[in-house]
Every structure is written in structure tokens, then in C-alpha cells.
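2 protein chains.
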Amino acid sequence: MINGKNPPDVGIQLPESKMGMDTVTDSPLDGNVNGKAEVMQVVLRALCLVTSVTALSLMVTAQQASTITVLGFNIPLHSKWSFSHSFEYLVGISAAVALHLILQLLISGSRLVRGSPTISSRNHGWLIFAGDEVFALALMSAGSSASSVSSLNHSGIRHTALPNFCKPLHHFCDRVSTSIVFTFFSCFLLAILVVLDVLWLSSKH
Amino acid sequence: MINGKNPPDVGIQLPESKMGMDTVTDSPLDGNVNGKAEVMQVVLRALCLVTSVTALSLMVTAQQASTITVLGFNIPLHSKWSFSHSFEYLVGISAAVALHLILQLLISGSRLVRGSPTISSRNHGWLIFAGDEVFALALMSAGSSASSVSSLNHSGIRHTALPNFCKPLHHFCDRVSTSIVFTFFSCFLLAILVVLDVLWLSSKH
């Protein structure tokens with residue numbers, strides 16, 4: 001089993017360029033270039049972890065108390081992220097993305113330290129692609145959902161007398177907006193990671 | 001050039017299973033299977049076109065007039081999809097997705113009729129992947145944004161006295177909800193198409 005590099009029943013070595021198959025086209029992605037791609041993946045994952053944790057912590061610290069005047073009534077307002085399903089959804093998704101990224105970083109970090117390639121097999125590559133794709137879609141969903149609630153808070157709802165919440169609650173609204181920006185940035189980074197995953201999958205046969 | 005199946009400088013044929021390379025793994029995706037995958041792509045694209053046009057037409061026909069009582073005041077309500085930025089966004093994205101799908105269907109249809117493969121080159125494959133990925137993310141964004149507005153209409157906003165809009169406007173709300181469901185279904189179909197694109201990219205070298 002382990003006693004020879006060439007299995008005994010092959011015995012003939014053809015130069016790669018003369019095999020008449022498309023194996024040639026993937027050679028630029030091997031070796032050094034693949035090593036660079038792996039380091040780039042790890043860096044992007046770490047950056048994405050930072051942005052999603054930032055989004056998460058900005059959102060969970062968003063709260064403010066104030067008063068608002070609707071149709072002549074003074075209504076005390078206490079704004080907190082957990083009052084909106086969309087903001088709760090953003091927190092949940094950001095936490096899940098952070099966990100996914102920490103897991104991936106631990107696996108690929110330990111593999112890099114041992115000197116083995118970060119992605120062990122095609123199936124592993126597909127699994128990472130699927131995870132990144134699903135979480136990119138989830139972050140896009142969470143960011144969009146939260147930003148449409150946040151924009152309603154900013155502008156009011158056009159077909160009612162609902163006023164602009166963000167005048168009395170600008171501290172809360174700013175924090176939420178910044179959190180949403182970081183969520184979209186995490187989504188953008190994950191979309192780049194998806195492309196890198198596909199590059200890896202299309203370079204390995 | 002065309003006079004021999006084996007290029008003269010190879011001359012040796014090795015049984016595929018004994019070449020000791022991973023070329024074997026991609027063979028099931030060639031020939032007949034690839035033909036099936038192409039037909040499946042066209043069917044999924046056609047289905048996705050139907051769902052996105054349905055979402056679009058349900059949304060642009062959503063409007064209703066009614067009255068609502070807020071804090072003792074009778075307020076006349078006229079609800080229309082174009083009153084909400086999120087619903088306008090959904091209409092725009094659905095229209096863009098439908099155009100993208102019509103273009104892709106025209107290209108791959110004419111190629112299938114001529115008997116050539118639907119995807120001409122690796123670059124073409126990457127282009128289709130990029131288009132499908134971007135539009136899947138855009139549909140997810142539009143669907144989430146619209147559904148968070150729609151759920152606010154259903155439940156009211158928890159930190160204000162805003163009531164449930166969908167009691168007096170149930171016809172409008174039902175139409176919007178169905179449109180959103182079709183948007184998410186289009187997104188799901190495009191996500192499957194993305195996986196098929198990646199399968200194609202990873203089977204061609």
C-alpha cells in the first residue's frame with residue numbers, strides 16, 4: 001500500500017503537457033498561488049469575524065429613552081434593540097456568523113500550523129462553500145430587514161401620521177445604523193470568500 | 001488537426017481509472033449528465049422567471065383604501081405598494097431578475113437549438129455564476145426588507161401606539177405577503193442555480 005509512489009500497474013509517466021487533457025489549465029492555481037489564497041482566506045475570515053462581532057456588539061448596546069409628540073400627546077419612548085424583531089434577527093444572525101467563522105478559523109489555523117492545506121478534500125471544500133453562501137444570504141437578509149425598519153424610524157411611515165422617531169432618539173438610531181453598515185460589510189466579505197471557495201473548487205478535480 | 005482522435009505526440013492510452021490522478025472524479029459530470037444538467041438549468045431558470053414575474057405583478061397591483069382609528073381619531077387610509085420604499089425596491093429587483101433570466105434563457109435556448117453547449121467557455125460560466133449570485137443576494141435583500149415592513153404592518157410597532165394596519169387593509173396585506181413569498185421562492189431557485197453553476201465550473205478545467 002505505502003511502498004511506492006507510483007502504483008505498480010501504471011508504470012508509465014507522461015509529461016503533463018502532453019496528456020491532451022485540460023489538467024494543464026489549473027496549474028497556475030497550485031502551489032505558491034494556492035498558499036497565498038489560503039492565507040488570504042484566513043485574513044478575510046478574521047476581518048469578517050471582527051466586523052460581525054462589531055455589528056453584534058453595537059446592536060446589543062443600542063438603547064435610549066426619550067419623549068415624542070404624536071397628534072399633540074406626549075408619549076414617553078424607550079427604544080431598545082430587542083423591541084424590533086428585525087434587530088433581534090440581526091443579532092442572532094451575526095452571532096451565528098461569528099460562531100461559524102471562529103470554527104472555520106480554528107480548523108484552518110490548526111491545519112496551517114501543521115503545514116497541511118487548509119481544505120482537506122473536495123467534500124470539505126463544498127461544505128465551506130455551502131456555509132459561506134448560506135451565511136452571506138443570511139447576513140444580507142438580516143441587514144436588509146434591519147435597515148428597512150431603521151429607515152422607517154428615520155422617515156416615518158408615509159401613509160400614516162407616524163413621525164420621525166430618530167429626532168428624539170438619534171443616539172439609538174446612529175448606533176443601529178452603524179451596526180447595519182457593519183452587517184453589510186460582513187456580507188460583502190463573505191461574498192468574496194464564496195468566490196474564493198468556488199475558485200478553489202474549480203481548481204481541484 | 002482533425003484527422004486523428006489521439007494527438008500524434010501522445011500515442012499511449014491509459015485506462016482512466018489507472019492514471020492515478022483525480023481526473024476520474026469529474027467524469028460523471030461529462031456528456032449525458034452535463035446535458036441533463038443543462039436542461040435542468042433551463043427549466044429552473046424558466047421556473048424562476050415565472051415566480052419573479054408573479055411576485056412583481058402581485059406587488060404592483062397591491063392597493064386598497066380604508067379607514068383606521070388611532071388614539072380616537074378616524075384616519076382615512078389609502079394603501080399602495082409605492083408608498084413604501086421597500087416594496088418599490090422589491091419591484092425593481094424582481095424586474096431586474098426577470099430581465100436577467102430572460103436574457104439567459106434566450107442565450108441558452110438559442111445555443112440548445114443549435115446543438116452547442118449552453119455555456120460556451122469558463123469565462124462565460126463565471127459570468128453566469130456572478131450574475132446568479134448577485135441576483136440571489138439582491139432578491140434575499142428585497143424579500144427581507146419588504147417582509148420586515150409587512151410584518152410591522154401586521155403587528156404594529158411595539159414601542160409606540162401604532163395599531164395593526166392589516167385589519168382594515170387585509171386585501172392589501174395578503175397580496176403583499178404572497179408577493180414576498182414568491183420573491184423568497186425565486187431567491188431559493190437562484191441559490192440552486194448558483195450551486196449548479198459552481199458544479200459546472202468545478203467539472204470543467
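Protein chains in written order, with full-length UniProt numbering: chain A, 1 to 205; chain B, 1 to 205.
C-beta atoms are modelled at their ideal positions from N, C-alpha and C, and glycine is treated no differently.
Residue i at chain B interface by Cβ criterion, 7 Å
i: S120 (chain A); result: no
i: L29 (chain A); result: Interpretation of L29 (chain A) is limited by its pLDDT of 43, a score under 50 that renders its predicted location unreliable; the figure taken from the coordinates is listed afterwards. Taking Cβ atoms only, chain B never reaches closer than 7 Å to L29 (chain A), which makes this a no.
i: L99 (chain A); result: no
i: M140 (chain A); result: yes
7 Å Cβ cutoff met for residue i and residue j
i: C187 (chain A); j: M140 (chain A); result: yes
i: W81 (chain A); j: A55 (chain A); result: no
i: S144 (chain B); j: S144 (chain A); result: yes
i: S86 (chain B); j: S148 (chain A); result: yes
i: L58 (chain B); j: R175 (chain B); result: yes
i: S52 (chain A); j: Q64 (chain A); result: no
Rounded distance between the beta-carbons of residue j and residue i, thought under 8 Å
i: L90 (chain A); j: T183 (chain A); result: 6 Å
i: K204 (chain A); j: R114 (chain A); result: With a Cβ gap of about 20 Å, K204 (chain A) and R114 (chain A) do not count as contacting.
i: A191 (chain A); j: L137 (chain B); result: 7 Å
i: L112 (chain B); j: V42 (chain B); result: 7 Å
i: I128 (chain B); j: D197 (chain B); result: 6 Å
i: residue 210 (chain A); j: S202 (chain B); result: The requested residue 210 (chain A) does not occur in the structure, where chain A is confined to residues 1 to 205.
i: S109 (chain B); j: W200 (chain B); result: Checking the sequence shown, residue 109 (chain B) turns out to be Gly, not Ser. Contact doesn't hold; Cβ gap of about 17 Å is too wide.
i: I107 (chain A); j: A146 (chain A); result: In fact, because the Cβ distance is near 30 Å, the residues do not count as touching under 8 Å.
Chain B residues whose Cβ lies nearer than 7 Å to that of residue i
i: H85 (chain A); result: S151
i: S202 (chain A); result: L201 and S202
i: L71 (chain A); result: L71 and F73
Interface partners of residue i on chain B, CB under 9 Å
i: S94 (chain A); result: Those do not exist, as S94 (chain A) stays about 14 Å from chain B at its closest Cβ, beyond 9 Å.
i: S52 (chain A); result: The contacting residues do not exist; S52 (chain A) stays about 16 Å from chain B at best.
i: F172 (chain A); result: Within 9 Å Cβ-Cβ: nothing; F172 (chain A) doesn't reach chain B, min ~10 Å.
i: A191 (chain A); result: E133, V134 and L137
i: F129 (chain A); result: V195 and V198
Beta carbon proximity, residue i to chain A, threshold 7 Å
i: V198 (chain B); result: yes
i: S145 (chain B); result: yes
i: H159 (chain B); result: Because H159 (chain B) carries a pLDDT of 46, less than 50, the predicted location of this residue cannot be relied on, and no value is offered for it.
Contacts that residue i makes with chain B (C-beta to C-beta distance below 8 Å)
i: F135 (chain A); result: Correct list: empty, because the minimum Cβ distance to chain B is about 12 Å.
Interface partners of residue i on chain A, CB under 7 Å
i: S148 (chain B); result: S86, S145, S148 and V149
heavy atom of the ligand HEM below 6 Å from residue i C-beta
i: I93 (chain B); result: Among the components of this structure there are no ligands whatsoever, and the ligand HEM is therefore not found.
Inter-stretch contact (C-beta, 8 Å, three-pair minimum) for the segment 59–77 of chain A and the segment 164–175 of chain A: yes
Just checking, does the segment 92–109 of chain A make contact with the segment 40–48 of chain A on the three C-beta pairs under 8 Å criterion? yes
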